[in-house]
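Colleague:
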Amino acid sequence: MKNRLVTQMTSLRSAGQAGVAPYVTAGDGGLETTLEVLRALDSGGAACVELGIPFSDPIADGPILQAAAQRSLDGGTKLGGILEMVKEFRQGGSEMPIALFSYANPLLHLGWEGAARASAEAGVDAWLIPDMIPEEGDEMSAAAQAHGIAPIFFVAPTSSDERIARAANASRGFLYAIGRVGVTGNATTLDESTLSFLARIRAGCELPLAVGFGLRDATQISAVTRHADLAIVGSAFVQRIHEAFMAGNQAPHAAANEAALYLSELMQGLKR
Amino acid sequence: MTTDTFKTATRFGSFGGAFAPETLMAALLELEQAWLASREDRGFSAELAQLLEHYAGRRTPLYHARGLSTELGVDVWFKREDLLHTGAHKLNNSLGQALLAKRMGKQRILAETGAGQHGVATATACALLDLECVIYMGAVDAARQRPNLLRMELLGARVEVVEQGQATLKDAINEAMRAWVGDPTAHYLLGSALGPHPFPSIVAHYQSIIGCEARAQWQEQAEGLPDALIACVGGGSNAIGLFRGFLDDPAVRLIGVEAGGHGVETGKHAARFSGGSPGILHGCYTYLLQDDDGQVLPTHSVSAGLDYPAVGPEHAALAALHRAEYTSCSDTEALLGFERLARSEGILPALESSHAIGWLISNASALEGQRVIVNLSGRGDKDIDTIARIREQGS
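Heads up: the protein sequence lines correspond to chains H and W, in order. Each residue of the first sequence is one higher than the last, beginning at 1 in the working numbering. Each residue of the second sequence is one higher than the last, beginning at 1001 in the working numbering.
1) Along chain W, in chain order, which residues have C-beta atoms closer than 7 angstroms to that of H/E162?
2) Can you list, in chain order, the residues of the segment 1202 to 1216 of chain W whose Cβ is nearer than 9 angstroms to any Cβ on chain H?
3) Can W/T1124 be considered in contact with the ligand GDP, in the sense that its beta carbon sits closer than 6 angstroms to one or more heavy atoms?
4) Identify whether W/S1277 lies in helix, strand or coil by the three-state DSSP scheme.
5) Exposed or buried, which one is W/H1054 when buried takes at least 16 other CB atoms within 10 Å?
6) In angstroms, rounded to a whole number, what distance separates the CA positions of H/I53 and W/S1014?
7) Output the boundary residues of the beta strand (DSSP E) element that contains W/N1363.
8) With a Cβ-Cβ cutoff of 7 angstroms, do W/G1211 and W/G1245 count as a contact?
9) Report the neighbours of W/L1190 on chain H: residues whose CB is nearer than 7 angstroms to its CB, in chain order.
10) Taking buried to mean at least 16 other C-beta atoms within 10 Å of its own C-beta, is H/Q250 buried or exposed?
11) By the three-class DSSP mapping on this structure, what secondary structure does W/R1343 have?
12) For a quick check, are the C-beta atoms of W/E1032 and W/P1198 less than 7 angstroms apart?
13) W/G1116 and W/Q1097 look like a contact to me (Cβ under 8 angstroms); what is the Cβ gap, rounded to whole Å?
14) Any C-beta of chain H sitting closer than 7 angstroms to the C-beta of W/F1019?
15) Near W/W1218, what residues of its chain come up, given a Cβ to Cβ distance below 8 angstroms and the 5 sequence neighbours on each side ignored?
16) Work out the CA separation of H/G62 and W/E1163 for me, nearest whole Å.
17) Give the straight-line distance between the Cα atoms of H/L230 and H/S94, rounded to the nearest whole angstrom.
18) Helix, strand or coil for H/S102 per DSSP?
19) So the candidates are W/A1319, W/A1324, W/Y1326 and W/Q1290; which of them puts its Cα closest to the Cα of W/I1310?
20) Got a sec, what are the start and stop residues for the beta strand (DSSP E) W/T1386 sits in?
21) May I ask which residues mark the beginning and end of the beta strand (DSSP E) holding W/E1132?
22) Answer with yes or no whether the minimum CB distance from W/T1023 to chain H is below 7 angstroms.
23) Contact defined as beta carbons within less than 8 angstroms: I believe W/G1279 pairs with W/A1324. What is the distance between those atoms, to the nearest angstrom?
24) Once DSSP output is grouped into helix, strand and coil, what is the label at W/Q1097?
25) Can you give me the Cβ contacts of H/A40 inside the same chain, cut-off strictly under 6 angstroms, excluding the 5 residues immediately before and after it?
26) Between the Cα of W/I995 and those of W/L1336, W/A1239 and W/M1152, spot the shortest distance and give me the residue it belongs to.
27) Shortest alpha-carbon distance to W/P1088 belongs to which of W/A1101, W/A1009, W/R1272 and W/S1192?
28) Which residue or residues does DSSP assign as beta-bridge partners of H/P22?
29) Provide the residue span of the alpha helix (DSSP H) that contains H/G114, from first to last.
30) Spell out whether any CB of chain H is found under 7 angstroms from the CB atom of W/R1178.
31) Nearest-angstrom Cα distance between H/W127 and W/V1296?
32) What do you get for H/G16, buried or exposed, if any count of 16 or more other CB atoms within 10 angstroms of its CB means buried?
33) Where does H/F55 fall in DSSP's three states?
34) Which residue wins for smallest C-alpha separation from H/L12, given the options H/T33, H/A46 and H/T184?
35) So, do the segment 145 to 154 of chain H and the segment 172 to 181 of chain H have three or more beta carbon pairs nearer to each other than 8 angstroms?
36) From the DSSP output, which residues share a beta bridge with H/A210?
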């Protein structure tokens, strides 16, 4: 399949380069804030954005992303509104890939087919579903791919080589490596076990590789991108732009400026 | 031996499945494999049977409640799980899974609890089998089921009080699952017949002793088969345990009673079949109370154990097959059931079990002359503060 994300990852891979993908909780600070943040990340050279769909029961998330989802839901964010916002972002002509990071239920509630159509029409490129495993993913995957959406599965340090191969085979665009055991957000010290896990995946997988969970600075980005094509920064990113937003009288540009600043710091880690 | 995919069916009809974070898959696969192996292991079965008989106090009686039967015009029999050690059916599953965890070489147990009965049962099994035990309990439930919180601590468990969300059972499960994602070498001892495969099958397996015994006891004490079984349904472990003894007896009606709260029409309830629709929560596809955006809705019940927005997937499948029927009982009806059983039979039932009794009382005329087994899944000592508070407010 071909879409903005697949094209991006293929070109990074063939150029021997890596990228940074910030995670943004959609509707945290309101959707107008999210829209400005996306524009700032596009201008700043983000390789991709993971756009988090808030869910009432995020079982794989730590306190920071739980709180962000709750703020967003309390503000009245709906999936339909998020997709409208993505559509508005695309009207500016941006080709920055957008991956929706959503628990299964909000998408399933529209029906996989309906959710895939709505996502594609808005200009979404991929689905990352943290409570979806390849064994359960056939219907989701077929609907996504029929609409040009890349289904992306996860691998963890606890995954066997067989499971890694299966997830890679079922994924398009990239394979998502959970860098360590645990929920999102806890500080990661990158040790040999994380790096050898990434090397183990790399050995058995042709697909571009993204790594996330607990990354927060350029030094870590530099370390993981020796093995991975994409470094995802989630909780640290959400927290930093939330704090800037609150400190900046809840002005969307306060969040957007901080997003651009933090992205540029993180991208220092890409310089070889 | 390692395995990289499940060996048994993960679904009940179209319901169930394993919608779990990949980090947990190795643990779920290991659990399924260990559970299947334990079922072939005579030594394991004998040890569990020994504990259930001499430690937990099985078999529990099937009691013919003649006084209540005369009053209602319905022949009422109670399966007395309230008489099991720790005061509820939950110990059947906790002992089974704790023994299984021990067999797997696990040293640390994580569990959630709503009413506190599963927490107490698990803390008990862990004390007995020398396992470290951490229980997650919502702050609202910790307050309304305080005696059980204290019991867990006295048994040596650490209780983590959960403040997130509505601070009830759903939120306790969220936190327990997060803790398991952080430590997949621990065993998550899930207390109801829900969650990702293989939990719904394992819990139903350990609870099916209720129905197996009840069927045998019925044959000993009565003729033929009962006309209906009645059990309350939160996640649904006591109900599936009873129903499983009679699934192949199509003449026996299976009636699950959900928490009607203030009434299904008010939105303040936990009646998933009449107020919900299929969706995915806590690892399984089942009936779920959710809004039009797929967000899980708040629930209400006077009973902490039934105050949960999803139902075990096997119940969803039994409903789809029209093998079981699911109905609801309001807070008020449940409280009437509690009082009626106390006065008529000298038994204080748990508020959860009071829903089955309350429904029976409200529907007695339609069941006139029939013979029914009601699962008295737990005892009501834990609820006396709640009852006293409601009486004060009402007077």
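All residues carry an ideal CB built from backbone N, CA and C; glycine is no exception.
Modeller: Let's see:
1) Those within 7 angstroms of H/E162 in chain W are D1004.
2) none
3) The ligand GDP is not part of the structure shown, which contains no ligands of any sort.
4) strand
5) exposed
6) In this structure, the straight-line span from the alpha carbon of H/I53 to that of W/S1014 is close to 26 angstroms.
7) Unbroken run through W/N1363: none, as it is neither H nor E.
8) yes
9) Here the premise fails: no neighbours, minimum Cβ distance about 13 angstroms.
10) exposed
11) helix
12) yes
13) Not quite, the Cβ-Cβ distance comes to about 17 angstroms (not below 8 angstroms), so this is no contact.
14) yes
15) L1062, W1077, L1225, P1226 and I1373
16) 14 angstroms
17) 19 angstroms
18) DSSP places H/S102 in coil when its eight states are reduced to three.
19) Looking at the sequence shown, residue 1310 of chain W is not Ile but Ala. Taking each of W/A1319, W/A1324, W/Y1326 and W/Q1290 in turn and checking the Cα distance to W/A1310, the smallest one comes out for W/Q1290.
20) From DSSP, W/T1386 is part of no beta strand (DSSP E) but of the alpha helix (DSSP H) over I1384 to G1394.
21) E1132 to G1138
22) yes
23) Going by Cβ atoms, the distance from W/G1279 to W/A1324 rounds to 20 angstroms, so no, they are not a contact pair.
24) If DSSP states are grouped into helix, strand and coil, W/Q1097 belongs with the helices.
25) A256, A259 and A260
26) What is shown of chain W runs 1001 to 1395, which leaves residue 995 of chain W out entirely.
27) Residue identity differs from the one stated: residue 1088 of chain W is Ala in this sequence, not Pro. Nearest C-alpha to W/A1088: W/S1192.
28) H/P22 pairs with H/V233.
29) W112 to A122
30) yes
31) If you take the alpha carbons of H/W127 and W/V1296, they lie about 21 angstroms apart.
32) Exposed, since its Cβ has fewer than 16 Cβ neighbours within 10 Å.
33) Correct three-state label for H/F55: coil.
34) Here the closest residue by C-alpha is H/A46.
35) yes
36) DSSP, once it has assigned bridges, lists H/Y176 and H/L230 as partnering H/A210.
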